[in-house]
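Each remark here refers to the structure printed beneath this line.
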Amino acid sequence: MLIRDDEQGMRAALREAEVSAEQNEVPIGCVIVHEGLIVGRGHNQTEGLQDATAHAEIVAIGAASSTLASWRLHECTMYVTLEPCAMCAGAIVLARVGRLVYGAEDPKAGACGSVLDVIHEPRLNHRVEITTGVLADECGAPLKAFFQRKRREAAEKLEPGHA
Numbered sequence: 001m002l003i004r005d006d007e008q009g010m011r012a013a014l015r016e017a018e019v020s021a022e023q024n025e026v027p028i029g030c031v032i033v034h035e036g037l038i039v040g041r042g043h044n045q046t047e048g049l050q051d052a053t054a055h056a057e058i059v060a061i062g063a064a065s066s067t068l069a070s071w072r073l074h075e076c077t078m079y080v081t082l083e084p085c086a087m088c089a090g091a092i093v094l095a096r097v098g099r100l101v102y103g104a105e106d107p108k109a110g111a112c113g114s115v116l117d118v119i120h121e122p123r124l125n126h127r128v129e130i131t132t133g134v135l136a137d138e139c140g141a142p143l144k145a146f147f148q149r150k151r152r153e154a155a156e157k158l159e160p161g162h163a
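Number 16 in the UniProt record's numbering belongs to position 16 of the sequence shown; there are no gaps in the numbering.
Here's what the structure looks like:
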């Protein structure tokens with residue numbers, strides 16, 4: 001599939017987020033595009049792999065680096081459904097991703113301007129172009145539903161008589 005614009009790229013990332021949700025993972029998805037082609041895909045796999053680093057962005061960076069046979073992704077655009085955390089923002093800078101597009105802001109752990117601003121840290125040697133808010137509502141809805149369900153399940157376990 002040829003990615004022609006940011007909305008199309010984000011829709012591909014949303015499909016990856018659906019895979020996360022189906023696997024009972026936090027529904028975050030990511031794709032990396034080079035010259036209009038998806039060269040890396042990722043979705044959260046932290047629970048399934050029992051690996052705290054298995055975030056969508058990290059998985060996608062590994063896949064793109066393998067596809068392109070280079071860890072330098074300066075000619076690539078990353079589409080991710082949620083603002084990256086500090087770990088992922090650091091990896092984006094280290095991988096030299098040229099452009100980052102994210103959907104929903106993360107007011108609790110976002111590291112691209114919401115809580116921290118790792119991406120724009122002046123002491124780092126790479127600058128990432130950022131576009132925010134692409135399909136923000138569509139990107140935020142699965143996350144909201146996921147955490148509402150998790151809270152409901154936790155409350156049900158606390159109810160008297162629950163097995």
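Even for Gly, the Cβ is constructed at its ideal location relative to N, Cα and C.
Just so you know, these numbers come straight off a predicted model, no measurement behind them.
Limits of the unbroken beta strand (DSSP E) element including residue 37
Element bounds for residue 37: 37-43.
Straight-line Cα distance separating residue 47 from residue 186
Absent from the structure is residue 186, since the part of the chain shown begins at 1 and ends at 163.
Taking the alpha-carbon of residue 136 as reference, which of 82, 128, 92, 121 has the nearest alpha-carbon?
It is 82.
So, for residue 15: in the same chain, excluding its five sequence neighbours on each side, which residues have a beta-carbon less than 8 Å away from its beta-carbon?
The residues are 29.
Start-to-end residues for the beta strand (DSSP E) that takes in residue 99
Where residue 99 is concerned, the enclosing beta strand (DSSP E) stretches over 99-104.
Let's see if you can read the secondary structure: which residues bound the alpha helix (DSSP H) around residue 87?
Taken as a continuous stretch (DSSP letters only), the alpha helix (DSSP H) holding residue 87 covers 86-94.
Of all the options 24, 9, 4, which has the alpha carbon lying nearest to the alpha carbon of residue 102?
When only C-alpha atoms are compared, the closest one is 9.
Roughly how many angstroms separate the alpha carbons of residue 61 and residue 55, rounded to a whole number?
One alpha carbon belongs to residue 61, the other to residue 55, and they sit about 10 Å apart.
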